[in-house]
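Q: In this note's numbering, the protein residues as written are 221 to 422. Sharing a structure with you now.
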């Protein structure tokens, strides 16, 4: 026999309670992700973050994988597009690695707000980034706004179905001989995502 019980809690409890489990962490060889409310003494480049209700704390494997790949790329003076930016963690990482300018896109207005705040919280000027709310898959005006043949690197850490739906547009955004980094794919769906992207010219 099962018993169901309903308990009411204050909204602020669930909005902030997770913070006691979120601590500084080292990622890759020279990057550290640190909650904005903590200090972390380290020789690494420190990425300060308050993800709030947006995805991207650095603890998720897909985010960490993207940051590890990022360290191997030459981002100095590069134009970068962050699709599905969430908390802005990947964009901040790119700026810490001397990217010239970031365009961030997310379908969630709350994420767009949080990402902008997090970038500014890492002492970057508003001139080095632009944040857009919308869905590039069905919004031609948004695609034109973020710009074609403009980017040296695209990061898209989302899920398999969305990556497949976005795949026709990746080449449109990238310069020649540029880099696409996709993540958020469970192992069982790796081949279909890779095959779809290869069909689009990669």
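Ideal placement from N, C-alpha and C gives every residue a C-beta, glycine not left out. Owing to the predicted nature of the structure, the values given are computational and were not obtained by experimental measurement.
Using only the alpha-carbon positions, how far apart do residue 311 and residue 358 sit?
A: For the purposes of this step, residue 311 is taken as residue 91 along the chain shown, with counting starting at 1. For the purposes of this step, residue 358 is taken as residue 138 along the chain shown, with counting starting at 1. Going from the Cα of residue 311 to the Cα of residue 358 covers about 23 Å.
Q: Check residue 383 in the structure and name its three-state DSSP category.
A: Taking the chain shown and counting its residues from 1, one reaches residue 383 at position 163. If DSSP states are grouped into helix, strand and coil, residue 383 belongs with the helices.
Q: Using C-beta distances below 7 Å, list every residue in its chain close to residue 298, excluding the 5 sequence neighbours before and after it, in chain order.
A: Taking the chain shown and counting its residues from 1, the one referred to as residue 298 is at position 78. The answer, listed in chain order, is 319, 320, 372, 373.
Q: Give me the residue from 281, 280, 276 with the minimum Cα distance to residue 302.
A: What you label residue 302 is simply residue 82 of the chain shown in a count that begins at 1. Answer by Cα proximity: 276.
Q: Determine, using beta carbons only, whether residue 267 and residue 284 come nearer to each other than 8 Å.
A: Here residue 267 refers to the residue found at position 47 when the chain shown is read from its first residue. Here residue 284 refers to the residue found at position 64 when the chain shown is read from its first residue. Going by C-beta atoms, residue 267 is not nearer than 8 Å to residue 284.
Q: Under the DSSP definition of a beta bridge, which residues are partnered with residue 346?
A: Within the chain shown, numbered from 1, the residue matching residue 346 stands at position 126. Paired residues: none, contrary to the question.
Q: For the segment 281–355, list the beta strand (DSSP E) runs that are entirely contained and at least 3 residues long, ordered along the chain.
A: Segments of the beta strand (DSSP E) lying fully in the segment 281–355: 299–303, 321–326, 349–353.
Q: Applying the 10 Å Cβ sphere with the 16-neighbour rule, what's the burial state of residue 406?
A: Here residue 406 refers to the residue found at position 186 of the chain shown. By the neighbour-count rule (16 or more Cβ atoms within 10 Å), residue 406 is not buried but exposed.
Q: Residues in the same chain with beta-carbon distance under 8 Å from residue 379, minus the five sequence neighbours each way, listed in chain order, please.
A: Walking along the chain shown from the start, residue 379 turns up at place 159. Closer than 8 Å at the Cβ level, and outside the excluded window around residue 379, lie 404, 405.
Q: With DSSP as the reference, identify every bridge partner of residue 230, one or two as the case may be.
A: In the chain shown, the residue the question calls residue 230 occupies position 10. DSSP lists no partner for residue 230.
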